[in-house]
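Number of protein chains: 2
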Amino acid sequence: MNNTKSLSTAFNQAAYPVGGHGKRNVQVLMEALKDIDGSLESDVYGKGKVIEDFQEQMAEYLGKETAVFFPSGTMAQQIALRIWCDQKGVRRVAYHPLCHLEIHEEDGLKELHHIEPVLLADNGRLIGLEDVQHMPEGIACLLLELPQREIGGQLPDYAELEAISTYCREQEIKLHLDGARLFEILPYYQKSAAEVCALFDSVYVSFYKGIGGIAGAILAGDKAFTNESKVWKRRHGGDLISLYPYILSSDYYFKQRVHKMGQYYEEAKELAELYNQCHGVATMPVEPVSNMFHVHFDMPIEQLESILIRIYESTDVGLTQSLRKTSETTCYCEVGIGDHYAELPKDKVKIAFQRLDEEMRSSVV
Amino acid sequence: MNNTKSLSTAFNQAAYPVGGHGKRNVQVLMEALKDIDGSLESDVYGKGKVIEDFQEQMAEYLGKETAVFFPSGTMAQQIALRIWCDQKGVRRVAYHPLCHLEIHEEDGLKELHHIEPVLLADNGRLIGLEDVQHMPEGIACLLLELPQREIGGQLPDYAELEAISTYCREQEIKLHLDGARLFEILPYYQKSAAEVCALFDSVYVSFYKGIGGIAGAILAGDKAFTNESKVWKRRHGGDLISLYPYILSSDYYFKQRVHKMGQYYEEAKELAELYNQCHGVATMPVEPVSNMFHVHFDMPIEQLESILIRIYESTDVGLTQSLRKTSETTCYCEVGIGDHYAELPKDKVKIAFQRLDEEMRSSVV
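Sequence order for the protein chains is A and B.
Heads up, the first sequence is in numbering that gives the first Met the number 0, so the first residue is 0 and it goes up one at a time.
Heads up, the second sequence is in numbering that gives the first Met the number 0, so the first residue is 0 and it goes up one at a time.
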């Protein structure tokens, strides 16, 4: 029996998934289109009202001069780093070892742009001011991911972020924001997006994480930067004749959900507490700083999968779709709160966590 | 007054545009989705039934082992050439000077892949066997675009194509098909797509030309080739979490229109005749070999624009949305036949061409 598949199947059959906004199916697109007039004209290779309006709206929201819609963050961020490297005449940037560009993009930055990253901090912690101060010479751009997804969505203190920004300006190092989950951290920082983005020279945001759109990204900065990014967008093959399916859905779900990030954040803290009350279970961070966190279990992955499947089947509550092994005796999962959480029957959730605690107690030495 | 804008405006206001399938608006997507079950699950980073089924269907149609869906042809073709270059260990390919990669992609092939093209033939004619036989040494791949769009959509004789293919196999030069308009040429060649594709090692086809979809492309070849193309697709930022808006519309309009290419081809020949009967007007090719051709006018662009606007306004027939200047006294436009042509009121079209002929006669010395 393939346990991973079974956990996923059991999760999909559970009536009450704890995280997310719902299934990623075609209905998500249909919903976004339902009030659109069919006569609305397509964007055409980056031009036209549908793309220009959204770009202007996002530039304003992010407090940047201009913004460009991209099919993906992978494309947008490689391009941002390339532009800053070209401007400085070096091919070196700095980022965290668990940066998306380092672990999820098949080395596109290196293979296509011949940019070498300097890795700051380590797999267990955030980049701090001291790491930045001790970077080698000749770094064109520092990329910060807020929150740092692969370590549970941790965030630096805002004062440290400001200090890093000030230092980079002094040193003439460009600062780029991987804001895949920027909207999600604003309630914790108690800042507007524009306030956070003002610390950065360029900013990428995504529309299919907390926003729950279909795909697509915005890259924002000053006009010279975004103009150059459009040239690279064409070179990458991202200047599609029509991006409107992604633009319209990004716009729709942005309006639906950007104001709900505070609610997701509170719910994430509530859910993390439920996990932390279970024996042998700990969240990272202990208190979430956004809608996301990781849950670490002191139990071998196969054993926990069997337990979770039984919990899903008996309570109809789906805690996670998948687990990842961290050692022979431990594993973890990622949680991201969306619209679903508010609709959960709390009594069933309580029972699910009681069972999890019992199972962990009876199994964990 | 901006004449170019006015011609476009007049064209958009004309009830009977001669070319194309209709406006590129959101209705095109809505139509493609209308019979889709909303519970159909999204593709996820290149996996899932919706993308795999379409890829298999296209691989079979093209007679290739495997196929990969890409957001754009720009991305697909750069990647195809890169793979063949890497395999041979050289960074040199050959193509026509008016190849899409040479004139429409901001030099992505050179800037991202450091591949240098050798240009064969010239702006006025197709690549022939002799050009290929006289290529310099060390060419990894020859790209042929069928039909050659920028010179009116011309095609080599099929026998010459076969000879080029045989020569390339003998010389161990990979042959790549830019088949942006492959479906459109099959009636002229009287061949199946698989028969044409059998002459090539790799093939790209588009779904928003004659097929009239929203965007998207297929790259097909053997399994080792397409597997490598998926790695590069991720590097380029094209491995989106969801490509289904493009896949579903490609599938829908492929089924709607691929069997109508013979009709479009016959209609293109009919329309070219109408143009060729006008004084100072000549189509390229004289007899089209697909649904497309160019129309060259012995008249300065500004003068012709004014004439066309009057014709559109008086007949409600829209001949072209835009003209391109070729010299101080000449200009041309591109025509692509789609669903619209069959619905035209022939009497109005006849009047429009009578007027065009009269105006050309009275103006052209």
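All residues carry an ideal CB built from backbone N, CA and C; glycine is no exception.
Values in this document were obtained by computation on a predicted structure and should not be read as measured data.
### Query
Do you know offhand how far K347 of chain A's Cα is from P287 of chain A's?
23 Å
### Query
L128 of chain B and H95 of chain B: beta carbons closer than 9 Å?
no
### Query
What is the rounded straight-line gap between the Cα of A75 of chain B and the Cα of G237 of chain B?
9 Å
### Task
Please work out which residues of its chain come closer than 6 Å, Cβ to Cβ, to C332 of chain A, disregarding the five sequence neighbours upstream and downstream, and give them in chain order.
V294, T319, L322
### Message
Quick check on DSSP: helix, strand or coil for E110 of chain B?
### Response
helix
### Query
From this set, A:L273, A:K22, A:T325, which residue's C-alpha is nearest V43 of chain B's C-alpha?
A:K22
### Task
Select from the segment 72–98 of chain A all residues with a C-beta closer than 9 Å to any C-beta belonging to chain B, and list them in chain order.
G72, T73, M74, A75, Q76, Q77, I78
### Query
Between H112 of chain B and chain A, is there a C-beta pair that is closer than 9 Å?
yes
#### Entry: Cβ of S228 of chain B within 9 Å of any chain A Cβ
no
### Task
Could you name each continuous alpha helix (DSSP H) segment of 4 residues or more that falls completely within the segment 259–286 of chain A, going from the start of the chain to the end?
260–275
### Query
Taking Cβ-Cβ distances shorter than 8 Å, what residues in chain A pair up with G335 of chain B?
None at all; the shortest Cβ gap to chain A is about 14 Å.
### Task
Would you kindly report the start and end of the unbroken alpha helix (DSSP H) that includes I310 of chain B?
300–314
### Task
Check whether the segment 158–178 of chain A touches the segment 196–205 of chain A, counting contact only when three or more Cβ pairs, one atom from each stretch, lie closer than 8 Å.
yes
#### Entry: Other residues of its chain near I300 of chain B: CB distance less than 7 Å, five sequence neighbours each side excluded
L322, K324, C330
### Query
Thinking just about the alpha-carbon of each residue, which of B:D156, B:Q54, B:L32 is nearest to the one in F68 of chain B?
B:Q54
### Task
Determine whether the Cβ of N1 of chain A lies closer than 9 Å to any Cβ atom of chain B.
For N1 of chain A, the pLDDT reaches just 47, beneath the cut-off of 50, and the residue's location in the model is therefore unreliable, although a value from the coordinates is still provided. With 9 Å as the cut-off, N1 of chain A does not count as an interface residue toward chain B.
### Query
Can V49 of chain A and I246 of chain A be called in contact, C-beta distance under 9 Å?
yes
### Query
Counting only runs that start and end within the segment 323–362 of chain A, where is the alpha helix (DSSP H) found for 4 or more residues in a row?
345–362
### Task
Using three-state DSSP, classify D447 of chain A as helix, strand or coil.
One cannot answer for residue 447 of chain A here, as it falls past the ends of chain A, which runs 0 to 364.
### Query
Alpha carbon to alpha carbon, how far is L160 of chain A from I150 of chain B?
56 Å
### Task
Please go through the segment 128–182 of chain B and give each complete alpha helix (DSSP H) segment of 4 or more residues, from N-terminal end onward.
128–132, 157–169
### Task
Report the neighbours of G18 of chain A on chain B: residues whose CB is nearer than 9 Å to its CB, in chain order.
In chain order: nothing, as chain B lies at least about 16 Å away.
### Task
Going by DSSP, name the residue or residues bridged to M291 of chain A.
A:G335
#### Entry: Top-ranked residue by Cα proximity to P385 of chain A, from A:V117, A:N122, A:H113, A:R148
Lying before the first or after the last residue shown, residue 385 of chain A is absent from chain A, which here runs from 0 to 364.
### Query
Is V202 of chain B helix, strand or coil when you go by DSSP?
strand
### Query
How about R124 of chain A and S289 of chain A: do their beta carbons lie closer than 9 Å?
no
### Query
Thinking just about the alpha-carbon of each residue, which of B:L97, B:V92, B:E266 is nearest to the one in S343 of chain B?
Checking the sequence shown, residue 343 of chain B turns out to be Leu, not Ser. Out of B:L97, B:V92, B:E266, B:E266 has the C-alpha closest to the C-alpha of L343 of chain B.
### Message
Does the CB of H339 of chain B have a neighbour CB from chain A at under 9 Å?
### Response
no
### Message
Taking the alpha-carbon of N365 of chain A as reference, which of A:L307, A:E101, A:E269, A:H278 has the nearest alpha-carbon?
### Response
No answer is possible for residue 365 of chain A: the residues shown for chain A start at 0 and end at 364.
### Task
Return the residue from the list A:G317, A:E183, A:S191 that minimises the CA-CA distance to Y261 of chain A.
Here residue 261 of chain A turns out to be Gly, not Tyr, going by the sequence shown. Of the candidates A:G317, A:E183, A:S191, the one whose C-alpha sits nearest the C-alpha of G261 of chain A is A:E183.
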